[in-house]
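Asker: Submitted below is the structure of interest, expressed as structure tokens.
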Amino acid sequence: MRPMELKKGIAVSPGIVIREAFILDSEEIRIPERFIEKEQIEEESARLEAAIAESENRLDQDIAQLGSKIQINTQILEIHRQLVGDAVLKNEILIGIQENQYTAEHSVSRVLNKYIKKFERMDSQIISERVHDLYDVEKLILTTLLGSRVEHLDSLEREVVLVARNLTPAQTAKLDATWVKGFATDIGGKTSHTAIMAKALGIPAVVGLENISTTVVGGDTLIIDGFRGVVLINPDARTLADYRDKEANLVKLRQRLRKDVALPSETVDGYPIELFANIELIKEVHALANLNTAGIGLFRTEFIHLQNPRSGEEGHFQHYQATLKEIGQLPVTFRTLDLGADKGDGGRGPWVEENPFLGCRSIRYCFEHPDLFRDQLRALLRASAHGSVRIMLPMVGAIAELDRALNMLDQVKEDLRNDGIAFDENVPVGVMVEIPSLAMIADLIAPRVDFFSVGTNDLTQYTLAVDRGNENVASLFDPGHPAVLRLLQQTLRAGEAAGIPVSLCGEMGSEPLYVPLLIGLGFRNLSVSPTSIPEVKRLIRTIKVYECKALAKRCLAHTDGLAITAELKDWVSDKLPPSMRF
């Protein structure tokens, strides 16, 4: 039996899950069994020999059909043919079957993944490019071995944990939490959009594991510890038993927290703190009925586009209308499309940017594609006739950009009036404060908008020059940095002076460690991940605002983020009950 292995990464979505691994990087192929009995060794070896022969035959046929018409494709297939027929590879796979009693599929995956990891570490570009060929050969032999038993992600009928090199936000949005109970990826950061999606789905996740996708084999048993940022591969009996107890206790804790969600969201000294929900997918809206939220503080509309780039005005309108119907009279803040950067553009853009987070993303992307932007604005305004709609513009960094967007909105309003289509003439329009330049001129922007909502994920990223999706600099991503706190304070003051509400919709509001600090700074509206609402509400109901103000004052006096984090942890130890300490 393969020994237990522990890998440390970045915890991005809390929870504990114990399930079989499903490797997405193997073209969504799941290996159903890993070991055989001694009397099956000969039969399993024969299965491998037959699968290799069939794979060789299929490649020979493909090469013959292509002939000399597309020479580069033929060369690639010939490389695959050589690898499939390689005697050394085949012998290693057979040794795995005969000496370790692996199934043919498990032995194929282990041997090829060993070479994939070896090639990935080499400096030679020519050799590292062979990694793709090894992946292709692995898929070919595995699909041949499994035949009709090949199971794909979209047809899962058993609970698994997903393992991948990376998951795009679009891929994550399509995950079915009924079957995918957690995931682990090689790359990613604490506030990457994939991490945010994991929280939204309520499944434990660890990212930044470097090589988990080539270490784990389909069918391995994994423990995902989304609190410690740890993944345990094939845990021993004692570890497995310990984590099963932790998993059961966590279920009981969450049940207790759920009982408190009907209680008011207010501090011990009577200050109401409104809790809104951050939403990516319309299927999440239904669950809010049981969370007693104040509404939706951030609806990320780009995921509608990513799931169906041809949604157009009508597709968006149907989604918005359905959301408003589900939420009732509660307000919904729809953020306009935040495409580009790590979320892509749904295949619309013809270029690949070297530095996409500083490139044509979000409001800039909408200006580059005015037809797409106008369609969305029309859909939002039409939806405003059916419920309480608020429109939020992301990544605005200058007054000129805000004026340009508002002028486009005015033009769309005029078109709707001419067409006789009803909409709310006074629909509130605000901006997301997520670029330092906007925070610095918040006093100039505030009189032109109806509200501010602070996006701490990007505000921290741009203030500290730290890519929030890059695990190599994850330790430098610090929303408690003095520079970030000063920008938050400045934004709050500008909003108060102009008489407009200032909310916070970044992941900072979902982290209990920062909630007392945010309340102390002056935030009274927080929009958080739905799965975080019970815990955040329970925390709010244990604290006093005057103590939070004193805490914020001490934090603002510190000169570095480490000291601020220590201050917050000390406060937690002194003020919170043991069950809520970090």
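Per my numbering, the very first residue in the sequence shown carries number 631; after that it's consecutive. C-beta atoms are modelled at their ideal positions from N, C-alpha and C, and glycine is treated no differently. On a predicted model such as this, the values are computed, not experimentally measured, just so you know.
Looking at C-alpha atoms only, which residue of Ser1140, Gly1191 and Lys913 is the closest neighbour of Val1291?
Answerer: Here the chain covers residues 631 to 1212 and nothing more, so residue 1291 does not appear.
Asker: For Trp981 and Leu880, I'd like the C-alpha separation in whole angstroms.
Answerer: Reliability fails at Trp981, whose pLDDT of 45 lies under 50, so the model's placement of it is uncertain and no value is given.
Asker: Would you call Lys882 buried or exposed, if buried means 16 or more other Cβ atoms sit within 10 Å of its Cβ?
Answerer: exposed
Asker: I'd like to check one pair, Ser1133 with Ser1067: are the Cβ atoms closer than 8 Å?
Answerer: no
Asker: Any idea what DSSP makes of Glu650, helix, strand or coil?
Answerer: strand
Asker: Can you list, in chain order, the residues of its chain whose CB lies under 6 Å from that of Gly1191, leaving out five sequence neighbours each side?
Answerer: Asp1108, Gly1110 and His1111.
Asker: Does Val1059 pass the burial test, meaning 16 or more other C-beta atoms within 10 Å, or should it be called exposed?
Answerer: buried
Asker: Just to confirm before moving on: does the CB-CB distance between Ala1180 and Thr1121 stay below 8 Å?
Answerer: Remark: C-beta atoms of Ala1180 and Thr1121 do not approach each other more closely than 8 Å.
Asker: In terms of DSSP beta bridges, what is Met1022 paired with?
Answerer: In the DSSP secondary-structure assignment, Met1022 is bridged to Arg965 and Gly1060.
Asker: Give me the residue from Leu1039, Met1062, Phe1053 and Glu1137 with the minimum Cα distance to Val1026.
Answerer: Met1062
Asker: So what's Ser643 in DSSP terms, helix, strand or just coil?
Answerer: strand
Asker: With DSSP as the reference, please indicate the residues paired to Ile853 in a beta bridge.
Answerer: Ile648 and Leu862
Asker: Spatial neighbours of Val1079 within its chain, please: CB distance less than 8 Å, with the 5 preceding and 5 following residues excluded, ordered by chain position.
Answerer: Within the same chain, Val1079 has close Cβ partners Leu1032, Val1059, Gly1060, Val1061 and Ile1130.
Asker: Is Phe665 helix, strand or coil by DSSP?
Answerer: strand
Asker: Which residues mark the beginning and the end of the alpha helix (DSSP H) in which Ile993 is found?
Answerer: Ile993 to Glu998
Asker: If we count the other Cβ atoms within 10 Å of its Cβ and call it buried at 16 or more, is Pro644 buried or exposed?
Answerer: buried
Asker: Pull up the distance between the alpha-carbon of Tyr873 and that of Asn920, whole angstroms please.
Answerer: 28 Å
Asker: Is there contact here, the region 1002 to 1019 with the region 949 to 959, by at least three beta-carbon pairs under 8 Å?
Answerer: yes
Asker: Is it buried or exposed for Gln712, if we count other Cβ within 10 angstroms and need 16 for buried?
Answerer: exposed
Asker: Measuring only the C-alpha atoms, how far is Arg1213 from Glu667?
Answerer: Absent from the model: residue 1213. The displayed extent of the chain is 631 to 1212, so no value can be given.
Asker: What are the complete beta strand (DSSP E) segments, minimum 3 residues, inside the region 1137 to 1166?
Answerer: Entirely contained in the region 1137 to 1166, the beta strand (DSSP E) runs reaching 3 residues are, in chain order, 1155 to 1158.
Asker: In the DSSP output, what is Val1084 paired with across the bridge?
Answerer: Val1063 and Leu1134
Asker: Less than 8 Å separating the beta-carbons of Thr733 and Arg664?
Answerer: yes
Asker: Between the Cα of Asp1088 and those of Leu1118, Ala1076, Pro1077 and Phe1081, spot the shortest distance and give me the residue it belongs to.
Answerer: Leu1118
Asker: Would the beta-carbon of Arg622 fall within 8 Å of that of Phe1003?
Answerer: One cannot answer for residue 622 here, as it falls past the ends of the chain, which runs 631 to 1212.
Asker: In whole angstroms, what is the alpha-carbon distance linking Ser1157 and His736?
Answerer: Looking at the two C-alpha atoms, the distance is approximately 45 Å.
Asker: Alpha carbon to alpha carbon, what distance is there between Phe997 and Val836?
Answerer: Near 35 Å, if we compare the C-alpha coordinates of Phe997 and Val836.
Asker: Quick check: the Cα distance between Ile1065 and Gly849, rounded to an integer number of angstroms?
Answerer: 44 Å
Asker: Throw me the rounded Cβ distance for the Thr815 and Leu797 pair, which I believe falls under 8 Å.
Answerer: 6 Å
Asker: How far does the beta strand (DSSP E) with Asn908 in it reach, from first residue to last?
Answerer: Glu904 to Ile909
Asker: If we call anything under 8 Å between Cβ atoms a contact, is Gly838 one with Gly812?
Answerer: no
Asker: Could you tell me the alpha carbon to alpha carbon distance between Glu635 and Leu988, rounded to whole angstroms?
Answerer: 38 Å
Asker: Glu635 lies in the beta strand (DSSP E); which residues open and close that run?
Answerer: DSSP places Glu635 inside the beta strand (DSSP E), whose first and last residues are Glu635 to Lys638.
Asker: When we look at the beta-carbon of Thr1172 and count the other beta-carbons within 10 Å, is it buried (16 or more) or exposed?
Answerer: Looking at its Cβ environment, which holds fewer than 16 other Cβ atoms inside 10 Å, Thr1172 is exposed.
Asker: What are the boundary residues of the alpha helix (DSSP H) that includes Arg930?
Answerer: Element bounds for Arg930: not the alpha helix (DSSP H) but the beta strand (DSSP E), Ile926 to Arg930.
Asker: Between the Cα of Ala924 and those of Leu1074, Arg1154 and Arg649, spot the shortest distance and give me the residue it belongs to.
Answerer: Arg1154
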